[in-house]
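Structure, as structure tokens:
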Amino acid sequence: MIDSKKILTDYNATDSEDAEVASFDIPMACAGMRLDQVLARLLPDYSRSRLQSWIRDGLVTVDGEAATVSRKVRGLERLSVDIQPDAEELAFTPEVIPLDIVFEDETVIVINKPAGLVVHPANGNWSGTLLNGLLHHCAALAGVPRAGIVHRLDKDTTGLMVVAKTLIAQTHLVRQLQARSVTREYVAIVEGNLDRDGTVDAPIGRHPRDRVRMAIVSDGKEAVTHYRVIEQLPYHTLVACRLETGRTHQIRVHMQSLGFPLASDPVYGGNAKSVPNEMRQALQRFARQALHAQRLALLHPATETSMTWEAPLPMDMEELLTVLREV
Numbered sequence: 003m004i005d006s007k008k009i010l011t012d013y014n015a016t017d018s019e020d021a022e023v024a025s026f027d028i029p030m031a032c033a034g035m036r037l038d039q040v041l042a043r044l045l046p047d048y049s050r051s052r053l054q055s056w057i058r059d060g061l062v063t064v065d066g067e068a069a070t071v072s073r074k075v076r077g078l079e080r081l082s083v084d085i086q087p088d089a090e091e092l093a094f095t096p097e098v099i100p101l102d103i104v105f106e107d108e109t110v111i112v113i114n115k116p117a118g119l120v121v122h123p124a125n126g127n128w129s130g131t132l133l134n135g136l137l138h139h140c141a142a143l144a145g146v147p148r149a150g151i152v153h154r155l156d157k158d159t160t161g162l163m164v165v166a167k168t169l170i171a172q173t174h175l176v177r178q179l180q181a182r183s184v185t186r187e188y189v190a191i192v193e194g195n196l197d198r199d200g201t202v203d204a205p206i207g208r209h210p211r212d213r214v215r216m217a218i219v220s221d222g223k224e225a226v227t228h229y230r231v232i233e234q235l236p237y238h239t240l241v242a243c244r245l246e247t248g249r250t251h252q253i254r255v256h257m258q259s260l261g262f263p264l265a266s267d268p269v270y271g272g273n274a275k276s277v278p279n280e281m282r283q284a285l286q287r288f289a290r291q292a293l294h295a296q297r298l299a300l301l302h303p304a305t306e307t308s309m310t311w312e313a314p315l316p317m318d319m320e321e322l323l324t325v326l327r328e329v
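Here the sequence shown is numbered in the working numbering, starting from 3 and rising by one per residue.
Put into structure tokens, the structure is as follows:
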């Protein structure tokens, strides 16, 4: 029986910025075993898949040379491992990320989020998020849950978000959201000619078969979207959407349910096969859902005064609209 605790006490670990280097001699009891099996015994706090990835990434050496997962050990070789921090451990690391700050005081930050920026760390996006940028911009946010984030935008949706800089402000904003007193208005380009204003009141939950998608389901959470036609285009419609609730993909799911999916939406959009070739190419270049959080209004958590912010359409949506207006 290998005493992994005894082996671990033989580490000669040196701290670096992101990793810990552990070196030790492979015990003879491991002779004939695969390298990944040896690591699994010697480093029981880490998963087999994580250890194997370190080997494949060249972070494990045997007698100073990179090795393969299936290499058999003889025993007594010198083993070195660059122990990498878990991605989740880095999720709340401050990072230099440009932020378009529309408003900031001692209580809140209002940001105009660009397309492509993930709001909060999660699987596949443990760094490079808005949260990481906020922590770099304001170190005090490390003491506020979720770095003060109280609502989110999809990765490829642009527009306004409010962030609380204190726990009291965060609680105040969350209560406003729960009371539906925060005004969140979006501008969207939808496929087809929508000729009426209206409201979609339909519960949203995870799609029963496709876990990447959301859908209108009977046991979903309440979701209410009000929509208004701004401009009818030859093959599309520019609409304003106001949220009462804030479910994941809410506008995208609700507009699709009406038969008017968002233009270029890679998950819920149509194919736009009937449009002229120039329009089709412009939509393919756009390559994200045509959705922008244009207006945000709320009560300031500290002063209780009503405040409103607006963000103009991003350049890519303006350029797309120019093409879609042409006949």
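Ideal Cβ placement from N, Cα and C applies to all residues, glycine included.
query: Lys8, DSSP secondary structure in three states; result: Below a pLDDT of 50, predicted positions are generally treated as unreliable, and Lys8, at 38, falls in that range; no measurement from the model is reported.
query: Residue(s) in a DSSP beta bridge with Thr227; result: Val202, Leu245
query: Own chain partners of Val325 with C-beta closer than 7 Å, once the 5 adjacent residues on each side are dropped; result: Glu280, Met281, Ala284
query: Element boundaries [beta strand (DSSP E), containing Leu81]; result: 80-85
query: Neighbour-count burial assignment, Val146, 16 or more Cβ in a 10 Å radius; result: buried
query: 4 or more residues per run - each alpha helix (DSSP H) lying fully within the stretch 25-83; result: 37-44, 50-58
query: Asn134 (DSSP reduced to helix, strand or coil); result: helix
query: Contact the stretch 156-170 vs the stretch 216-228: 3+ CB pairs below 8 Å; result: no
query: Inter-stretch contact (C-beta, 8 Å, three-pair minimum) for the stretch 102-121 and the stretch 299-308; result: yes
query: Contact the stretch 117-128 vs the stretch 78-86: 3+ CB pairs below 8 Å; result: no
query: Cβ contact (3+ pairs, closer than 8 Å) linking the stretch 233-243 and the stretch 209-225; result: no
query: Cβ-based neighbour list, Arg73, same chain, cut-off 8 Å, excluding 5 preceding and 5 following; result: Arg36, Leu37, Val64
query: For Lys275: DSSP bridge partner residues; result: Bridge partners of Lys275: none, in fact.
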